[in-house]
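To keep things clear, I will list the structure first and then write my remarks on it.
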Amino acid sequence: MIPAAKVNPSVLNVNDREASRYLVSQMLRGAGFTVSEAPTGLAAIDSALKSPPDAVVLDVRLPDLDGYEVCRRLKAEPATRSVPVILTSALYVDTEHKVDGFAAGADGYLTQPFESAELSATLRALLRVREAERDARRLADELREAIRVRDEFLSIAAHELKTPLTSLQLQLDGIQRLGKKELDGTWTRRLEPKMATAIRQTSRLTVLIDDLLDVSRITQGRFVIEPAEVDLEQLVREVLERFEPEAERFGSTLGFEPCGPLTQCVDPQRIDQLVSNLVSNAIKYGGAHPVTVRLAASATGARLSVSDHGFGVAEADRARIFGRFERAVSSRHYGGLGLGLFICQQIVDAHQGTIHVEPTPGHGATFVVELPAKVVLRANPEVTP
Amino acid sequence: MKAAPMILVVDDDVDIRETLADLLREEGYRVLSACNGLDAMQLLQKCEHPSMIILDMMMPVMDGAEFREAQLDSPALADIPVVVFSAHGDVRELTDRLHPAGVLRKPLRLEELLTVTDRVLHRRNVPAPRASISRPAVVGPD
Numbered sequence: 001m002i003p004a005a006k007v008n009p010s011v012l013n014v015n016d017r018e019a020s021r022y023l024v025s026q027m028l029r030g031a032g033f034t035v036s037e038a039p040t041g042l043a044a045i046d047s048a049l050k051s052p053p054d055a056v057v058l059d060v061r062l063p064d065l066d067g068y069e070v071c072r073r074l075k076a077e078p079a080t081r082s083v084p085v086i087l088t089s090a091l092y093v094d095t096e097h098k099v100d101g102f103a104a105g106a107d108g109y110l111t112q113p114f115e116s117a118e119l120s121a122t123l124r125a126l127l128r129v130r131e132a133e134r135d136a137r138r139l140a141d142e143l144r145e146a147i148r149v150r151d152e153f154l155s156i157a158a159h160e161l162k163t164p165l166t167s168l169q170l171q172l173d174g175i176q177r178l179g180k181k182e183l184d185g186t187w188t189r190r191l192e193p194k195m196a197t198a199i200r201q202t203s204r205l206t207v208l209i210d211d212l213l214d215v216s217r218i219t220q221g222r223f224v225i226e227p228a229e230v231d232l233e234q235l236v237r238e239v240l241e242r243f244e245p246e247a248e249r250f251g252s253t254l255g256f257e258p259c260g261p262l263t264q265c266v267d268p269q270r271i272d273q274l275v276s277n278l279v280s281n282a283i284k285y286g287g288a289h290p291v292t293v294r295l296a297a298s299a300t301g302a303r304l305s306v307s308d309h310g311f312g313v314a315e316a317d318r319a320r321i322f323g324r325f326e327r328a329v330s331s332r333h334y335g336g337l338g339l340g341l342f343i344c345q346q347i348v349d350a351h352q353g354t355i356h357v358e359p360t361p362g363h364g365a366t367f368v369v370e371l372p373a374k375v376v377l378r379a380n381p382e383v384t385p
Numbered sequence: 386m387k388a389a390p391m392i393l394v395v396d397d398d399v400d401i402r403e404t405l406a407d408l409l410r411e412e413g414y415r416v417l418s419a420c421n422g423l424d425a426m427q428l429l430q431k432c433e434h435p436s437m438i439i440l441d442m443m444m445p446v447m448d449g450a451e452f453r454e455a456q457l458d459s460p461a462l463a464d465i466p467v468v469v470f471s472a473h474g475d476v477r478e479l480t481d482r483l484h485p486a487g488v489l490r491k492p493l494r495l496e497e498l499l500t501v502t503d504r505v506l507h508r509r510n511v512p513a514p515r516a517s518i519s520r521p522a523v524v525g526p527d
């Protein structure tokens, strides 16, 4: 909402010659402004800082500081930075002086003699602009605050969701363990698949909640990596081992073309997450065809690729899919929050690497990650919210 | 016969407390529980010292970090190994500050709980399996 403009905006009128000062003050009062006066540059700055006026009408020629300098100092102070200043002069009327005035930060320049109507109209125009600026600033502040509140809520909500999920997951595991130990074969066979599904669904919830938490970390600039010496080959093997049952469920197989031990300084948890996301996507979108993961040493570090033989990613979508909430496919046909590749991109960025997608020869998508051997730690990776 | 090891579970969520107690008893451990750091401190003053403490971080009255500080300040209690149990992902920050014998993240799998418990109780000098901090292998969210 735009608040009503002040009825009688205050103007500080600065002029050392009494007669001119009086004349301008009369014009201003006549046009409905409240007027305060200052006879020198220093007095003007003092008065403006003590109680910032809505605008300043400032004569260029003053006995102490000239109008340009007064203008520069007012524009340098946070308290008076946004107060519009109109320079006036009967003496300096040429273009060069006007340009100097604007360069000093002035918002207007009137040469004397001027009519009351012109002074008043100029002031009101400048006040309108300032009002619009204030509204825009207030709106931006409100938006920033709303985003902060949203991210805080997201973080609290994710945290709260994890508490019941913790007992749920543990209880399901407990039931499964007990069932295996205590129940006879038939019952176990009938119970086991149901339990496996229930456990898998709670795992999905865990991943979804973790992704939400990650996004709130990323937008708050709290997404940091904790690098350690890690054998990437071993890490990829472990991820693939974990995904073996899932691949089987989707009618897919996981192939690995390793390169031998490849120790590099990375955040093991985050790179695990990166590989997991890419493998999970490849299984999900790979249309029951084999998925191949390749790891190789490159000139600058390590190169990891995950290839599927699904319907691939259209050229137009290849950059877009790494954005937040983006996906290559319709959300109606495939579940998920559309955060996986966005988080992958952030993980790769935090490691100063690159990620891109290219077509798999034949058909399908191949995601290629390059991880440099040397990671320079930054406090916060830069993120465009 | 030697008594089974005793584990103290400190968590303000009653369901988590009871779940952990239930599952650990199922494995033959004896279990004590407390609903916050202060409750745990008071319990430790009057009963048999546990062989291990599973400690939640965010709790009312006295949180996990405050409990850990108080515990380390007390010569009688300082040696009891503590496994930090937290929903926060910043594992390194926790370990740097609290020097726990282990870290468990919420939510967790029973297998992780039992592996870490066994490792801490037997002071096995093996690193925690990395699987305990990795993502569940499920295809679903993209």
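In order, the protein sequence lines correspond to chains A and B. When the letters of the first sequence are read in order and numbered with the working numbering, they come out as residues 1 to 385. When the letters of the second sequence are read in order and numbered with the working numbering, they come out as residues 386 to 527. Positions of the beta carbon are idealized from the N, C-alpha and C atoms, including for glycine.
- Shown here, histidine 356 of chain A sits in a strand according to DSSP, grouped into three states.
- Within the same chain, Leu457 come within 6 Å of alanine 463 of chain B by CB-CB distance, once the 5 residues on both sides are set aside.
- When CB distances to chain B are screened at a threshold of 7 Å, the residues of the segment 280-293 of chain A falling below it are Ser280, Asn281, Ile283, Lys284, in chain order.
- Runs of beta strand (DSSP E) with 3 or more residues, each lying fully within the segment 411-458 of chain B, are found at 415-419, 437-441, listed in chain order.
- Within a 10 Å sphere around the beta-carbon of tyrosine 285 of chain A sit 16 or more other beta-carbons, which makes this residue buried.
- Secondary structure at isoleucine 225 of chain A: coil, using DSSP grouped into helix, strand and coil.
- Straight-line measurement puts the Cα of arginine 237 of chain A at about 30 Å from the Cα of leucine 178 of chain A.
- At least one beta carbon of chain A lies nearer than 9 Å to the beta carbon of glutamate 496 of chain B.
- At a cut-off of 9 Å between C-beta atoms, threonine 500 of chain B does not count as an interface residue with respect to chain A.
- Contact between serine 418 of chain B and proline 390 of chain B is ruled out by a C-beta separation of about 15 Å, above the 8 Å threshold.
- For glutamine 264 of chain A, the three-state secondary structure derived from DSSP is strand.
- Annotation: Cβ neighbours of glycine 174 of chain A in chain B (cutoff 8 Å, chain order): Thr404, Asp407, Leu408, Glu411, Leu495.
- If the five residues before and after methionine 27 of chain A are omitted, its C-beta is found closer than 6 Å to the C-beta atoms of Ser116, Leu119, all from its own chain and listed in chain order.
- A residue is called buried once 16 or more other Cβ atoms fall within 10 Å of its Cβ, and threonine 202 of chain A is buried on that count.
- Annotated three-state conformation of asparagine 15 of chain A is coil, per DSSP.
- When DSSP states are grouped into helix, strand and coil, valine 239 of chain A belongs to the helix group.
- Fewer than three pairs of CB atoms, one per stretch, sit closer than 8 Å, so the segment 124-136 of chain A makes no contact with the segment 39-47 of chain A.
- Think of a sphere of 7 Å around the beta carbon of proline 521 of chain B: the chain A residues whose beta carbon falls inside it are Ser203, Thr206, Val207, in chain order.
- Under the Cβ criterion (8 Å, minimum of three pairs), the segment 63-82 of chain A does not count as touching the segment 149-157 of chain A.
- Residue pairing by DSSP puts leucine 254 of chain A in a beta bridge opposite A/Val291.
- Residues of the segment 251-267 of chain A that bring their beta carbon within less than 7 Å of a beta carbon in chain B are absent altogether.
- Rounded to whole angstroms, arginine 415 of chain B and valine 230 of chain A show a C-alpha spacing of 37 Å.
- Within chain A, the residues placing a beta-carbon under 7 Å from that of proline 492 of chain B are Lys162, Leu165, Thr166, Gln169, Thr206, ordered along the chain.
- Within chain A, the C-beta atoms nearer than 7 Å to that of aspartate 398 of chain B come from Thr163, in chain order.
- Here DSSP, grouped into helix, strand and coil, assigns alanine 296 of chain A to strand.
- At the C-beta level, glutamate 241 of chain A and valine 293 of chain A stay beyond 9 Å of one another.
- The alpha-carbon of proline 9 of chain A is positioned some 32 Å away from that of alanine 146 of chain A.
- Annotation: glutamate 77 of chain A has no Cβ neighbours in chain B at a cutoff of 8 Å; minimum Cβ distance is about 41 Å.
- In the DSSP annotation of this structure, the continuous segment of the alpha helix (DSSP H) that includes isoleucine 45 of chain A starts and ends at 41-50.
- For the pair leucine 74 of chain A and valine 56 of chain A, the CB atoms are nearer than the 9 Å cut-off.
- Taking the Cα of glycine 340 of chain A as reference, the smallest distance to any Cα among A/Val35, A/Val215, A/Ser51, A/Thr188 is reached at A/Val215.
- Neighbours of histidine 159 of chain A in chain B, taken as residues at a C-beta separation under 7 Å, are given in chain order as Ala472.
- Look at glutamate 229 of chain A: its C-beta is not under 9 Å from any C-beta on chain B.
- Pairwise C-beta distances place the segment 345-353 of chain A in contact with the segment 263-273 of chain A, as three or more of them are shorter than 8 Å.
- The three-state secondary structure of arginine 73 of chain A, taken from DSSP, is helix.
- Flagged as an interface residue toward chain B: leucine 178 of chain A, by a C-beta distance shorter than 9 Å.
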